[in-house]
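Trainee: Input: one structure, supplied below.
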Amino acid sequence: MAAGAPRIFVSHLSGVAVFDPTGDQVGRVRDLVVMLRVGRRPPRVLGLVVELATRRRIFLPMTRVTGIESGQVITTGVLNVRRFEQRPTERLVFGELLDRRVTLADTGEEVTVLDLSVQQLPARRDWEIDRVFVRKGRKGGAFRRAKGETLTVEWSAVTGFSVDEHGQGAENLLATFEQLRPADLANVLHHLSPKRRAEVAAALDDDRLADVLEELPEDDQIEILGKLKEERAADVLEAMDPDDAADLLAELPEADKERLLSLMQPDDAADMRRLMSYEEHTAGGLMTTEPIVLRPDATVADALARVRNRDLSPALAAQVYVCRPPDETPTGKYLGTVHFQRLLRDPPYTLVGSIIDDDLQPLDPDAALPVVAGFFATYDMVAAPVVDEAGSLLGAVTVDDVLDHMLPEDWRETEFHLEEEPADTGDATDTGDGTDARDAADAAGAAAEEERVGVERADGRGEGGGPRGA
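So for the sequence shown, the UniProt record's numbering puts the first residue at 1; every next one is plus one.
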């Protein structure tokens, strides 16, 4: 854990008010949603169950929580007000983990869980449960006060929480594949039967499934999306990169496409419709509508703060686009681009409007794919602005999207077959983030073997339990 990162005990979050960035209260915390992992690895906190003023309970992902401090939770202001539904791989902290009997690993003594602490991982927005506050002795009853020594231990020091390492099914497949990159997990899903693929996809959280869908062949994308509930399918599309989501929507029957668009947030649906209005192999059809946009009076420090967003691809983070208001695409007048290297060279207080590169000509939204590819090759760019006749920034094209459309249509299937080779030859290929390409091939093989022996999906529900009573 990062030094100085706040540790928060979950009992202090029960009933805490949730506010949007303007200071308006949107609800109160009623539970935390976590995903247990194989062995003794700390669970990942997926999000909060928030009760709105209407008594409806919704799911708030941790990626939309900007701060937990002084008895309040601050959000980005973006809420999905659909009713919360617990998934098979999820556990509720107050409802299932607190007041539970577990075992101390070193002594074998049974203890009662009174509280759990969560902490944010360094340089990431992910949160984990890291410590357990327990009481030794027998569990107190309704008319008997619990007695016994209390102590705080590391998550790894107790047993009785985690997923059974020997069980199988969708839940354990997810636990096994958790460290795989989206492209490698897509490889695994591609090799599963349709039934098993649908089970695993249904158990993934929206953000993870969105990342994986972007790496799958078109047929697999359509198949998986078609087996999700319509409301969830709309949520997953919203979590995808806009250009990838628009490409997927464009392949659906008109009635299905319109139904999903009607279920999406209005702003997201408007972006999708705008992208689908362009021919697929043009700059407008290739672009994303979510580049980094800043006003000319923003500082270099402001720009670097935006560039640090871990959800941005390296290509999108390589430059910022300076425009007149409004800041959302389509923007006001496009003024120019500031490249990441220039941001590193100038003092933090420098205004981005004073260091723009206004010599770089933007792309026209109707520019054909060969023109776009030639632009990237000529100027050695990894992303380029797309500007309309009125001078408004519409979005940005990244080099990965250009390559994706220039390669043969079946390149993903070919890649998946090639990735199986290291497992047979014993030559592991480093993927650059500590995960071998062999892991993906082994995972696919394990999944196929599991299907071969006919193992059914595990239910994955934990035992019920009450909130902390100590």
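Every residue gets a Cβ at the ideal spot worked out from N, C-alpha and C, and that includes glycine. Remember, predicted model here, so these are calculated numbers, not experimental data.
Check each candidate in Gly77, Phe133, Pro21 and Asp404 and name the one with the smallest Cα separation from Phe9.
Mentor: The option with the nearest alpha carbon to Phe9 is Phe133.
Trainee: Distance, Cα to Cα, Leu36 vs Thr89?
Mentor: Approximately 8 Å, taken between the alpha carbons.
Trainee: Which residue from Thr54, Gln119 and His339 puts its Cα closest to that of Pro314?
Mentor: The shortest Cα separation from Pro314 among Thr54, Gln119 and His339 belongs to His339.
Trainee: Cα separation between Val293 and Glu110?
Mentor: Going from the Cα of Val293 to the Cα of Glu110 covers about 55 Å.
Trainee: Would you call the stretch 94-109 and the stretch 73-84 in contact, with 3 or more CB pairs under 8 Å?
Mentor: With the cut-off at 8 Å, the stretch 94-109 and the stretch 73-84 do not touch.
Trainee: Residue ranges of each alpha helix (DSSP H) run of no fewer than 4 residues wholly in the stretch 304-367, ordered along the chain?
Mentor: The qualifying runs are 340-345.
Trainee: In whole angstroms, give me the CA-to-CA distance for Gly284 and Gly160.
Mentor: When rounded, the distance between both Cα atoms is 53 Å.
Trainee: Go through its chain and collect everything with a Cβ distance to Ala367's Cβ below 7 Å, but skip five positions before and after it.
Mentor: Closer than 7 Å at the Cβ level, and outside the excluded window around Ala367, lie Thr282 and Ala283.
Trainee: Taking the CB atoms as reference points, tell me whether Val188 and Ala105 lie closer together than 9 Å.
Mentor: Contact flag unset, no.
Trainee: Could you check what DSSP says for Val402 in three-state terms: helix, strand or coil?
Mentor: Helix, per DSSP.
Trainee: How about Asp357 and Arg342: are their beta carbons less than 9 Å apart?
Mentor: Yes, the pair counts as a contact, with Cβ atoms nearer than the cut-off.
Trainee: Leaving out the 5 sequence neighbours to the left and right, which residues in its chain are closer than 7 Å to Arg308 when beta-carbon positions are compared?
Mentor: Cβ within range, chain order: n/a, list empty.
Trainee: Just to confirm, is the Cβ distance from Val153 to Leu32 under 9 Å?
Mentor: Cβ distance not < 9 Å, so Val153 and Leu32 don't count as in contact.
Trainee: Have a look at Pro194, Glu238, Asp219 and Glu96 and flag the residue whose alpha-carbon is nearest the alpha-carbon of residue 487.
Mentor: Residue 487 falls outside the range modelled here, since the chain spans only 1 to 470, and no answer is possible.
Trainee: Please list, in chain order, all residues of the same chain as Val45 whose beta carbon is under 7 Å from its beta carbon, the five residues on each side excluded.
Mentor: Within the same chain, Val45 has close Cβ partners Leu32, Val34, Met62, Val118, Trp127, Glu128 and Ile129.
Trainee: For the stretch 240-257 and the stretch 318-335, state whether three or more C-beta atom pairs, one from each stretch, are separated by less than 8 Å.
Mentor: With the cut-off at 8 Å, the stretch 240-257 and the stretch 318-335 do not touch.
Trainee: For a quick check, are the C-beta atoms of Pro182 and Glu223 less than 9 Å apart?
Mentor: Not closer than 9 Å, so no.
Trainee: According to DSSP, is Ser392 part of a helix, a strand, or is it coil?
Mentor: It is a strand residue.
Trainee: Please determine, among Ser14, Arg56, Ser70 and Leu97, the residue with the shortest C-alpha to C-alpha distance to Pro6.
Mentor: For the residues Ser14, Arg56, Ser70 and Leu97, the minimum Cα distance to Pro6 belongs to Ser70.
Trainee: Just the C-alpha distance for Leu79 and Leu48, rounded to the nearest angstrom, thanks.
Mentor: Approximately 12 Å, taken between the alpha carbons.
Trainee: Please list the segments of the alpha helix (DSSP H) lying wholly inside the stretch 194-254, counting only runs of 4 or more residues, in order along the chain.
Mentor: Segments of the alpha helix (DSSP H) lying fully in the stretch 194-254: 194-203, 206-213, 218-226, 230-239 and 242-250.
Trainee: Could you name the residues that DSSP lists as bridge partners for Ser117?
Mentor: BP columns for Ser117 point to Phe9 and Arg131.
Trainee: Buried or exposed: which applies to Thr398, given that a residue is buried once 16 or more other Cβ atoms fall within 10 Å of its Cβ?
Mentor: Buried, since its Cβ has 16 or more Cβ neighbours within 10 Å.
Trainee: In terms of alpha-carbon separation, which member of Tyr379, Pro326, Ala303 and Val93 lies closest to Val352?
Mentor: For Val352, the nearest C-alpha among the options comes from Ala303.
Trainee: Go through its chain and collect everything with a Cβ distance to Phe59's Cβ below 6 Å, but skip five positions before and after it.
Mentor: If we look at Phe59 and ignore the five residues flanking it on each side, its Cβ neighbours are Gly47 and Phe84.
Trainee: Starting from Asp31, follow its DSSP beta bridges and name the residues at the other end.
Mentor: Per DSSP, Val49.
Trainee: Return the chain-ordered list of same chain residues with a C-beta closer than 8 Å to the C-beta of residue 499, the five sequence neighbours on each side being excluded.
Mentor: For residue 499 there is no data in the structure shown, the boundaries of the chain being 1 and 470.
Trainee: Do Leu316 and Thr288 have their CB atoms nearer than 9 Å?
Mentor: In this structure, Thr288 lies closer than 9 Å to Leu316 by Cβ.
Trainee: Could you tell me which residues DSSP puts in a beta bridge with Leu92?
Mentor: Bridge partners of Leu92: Val33.
Trainee: Output needed for Asp268: all residues of its chain with C-beta closer than 6 Å, excluding positions within five of it in sequence on either side, in chain order.
Mentor: Same-chain partners within the cutoff: Glu238.
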